[in-house]
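Participant: This note's numbering numbers the first residue of the sequence shown as 149 and each following residue consecutively. For every residue, glycine included, the Cβ atom is placed at its ideal position computed from N, Cα and C.
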Amino acid sequence: MASGFRRGKQQRPPKLEARGELQSLEREGPFKEWLGMPDLYRFHLVVEGEAYSYQTEDPELAVAVGDRVVFRYKETKAGKWVDRRSLAKAIDPSDYQ
149 MASGFRRGKQ
159 QRPPKLEARG
169 ELQSLEREGP
179 FKEWLGMPDL
189 YRFHLVVEGE
199 AYSYQTEDPE
209 LAVAVGDRVV
219 FRYKETKAGK
229 WVDRRSLAKA
239 IDPSDYQ
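1. Whole angstroms is fine: what's the gap from Val217's alpha carbon to Glu165's?
2. Smallest Cα separation from Val213: which of Arg232, Lys237, Pro241 and Asp231?
3. Could you check where the beta strand (DSSP E) with Leu173 kicks off and where it finishes?
4. By the three-class DSSP mapping on this structure, what secondary structure does Ser242 have?
5. Under the rule that 16 or more other beta-carbon atoms within 10 Å means buried, what is Tyr221, buried or exposed?
6. When we look at the beta-carbon of Leu108 and count the other beta-carbons within 10 Å, is it buried (16 or more) or exposed?
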């Protein structure tokens, strides 16, 4: 009987996904949200001309300007926010021959 806590047959909207070349990367922070929470850094990314925001505890990202990246995101009133732990380098199979 306990097959999840969703009521009804409503389908969850699919996650939005973006990929492309990282053109710009800026870091803000650290920010202290509340006592006991680790410092948060806010990154502003520009991928293929679109602006995204990403928030994490890490002061540096594993991607750099010029890398091809892939990530999931959601659109809010404040802009487009990248999901946590979804930002990564995109692997192109044609590069590995």
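Facilitator: From the atom records:
1. Here the question's residue 217 lines up with position 69 in the sequence shown. Here the question's residue 165 lines up with position 17 in the sequence shown. Annotation: Val217 to Glu165 spans about 11 Å, alpha carbon to alpha carbon.
2. Within the sequence shown, the letter at position 65 stands for residue 213. Among Arg232, Lys237, Pro241 and Asp231, the Cα nearest to that of Val213 belongs to Lys237.
3. For the purposes of this step, residue 173 is taken as the residue at position 25 of the sequence shown. Its beta strand (DSSP E) spans residues Leu164 to Phe179.
4. For the purposes of this step, residue 242 is taken as residue 94 along the sequence shown, with counting starting at 1. Of the three classes helix, strand and coil, the one that applies to Ser242 here is helix, per DSSP.
5. On the sequence shown, residue 221 is found 73 positions in, with the first residue counted as 1. With 16 or more other Cβ atoms inside 10 Å of its own Cβ, Tyr221 counts as buried.
6. As shown, the chain starts at 149 and ends at 245. That puts residue 108 outside it, with no answer to give.
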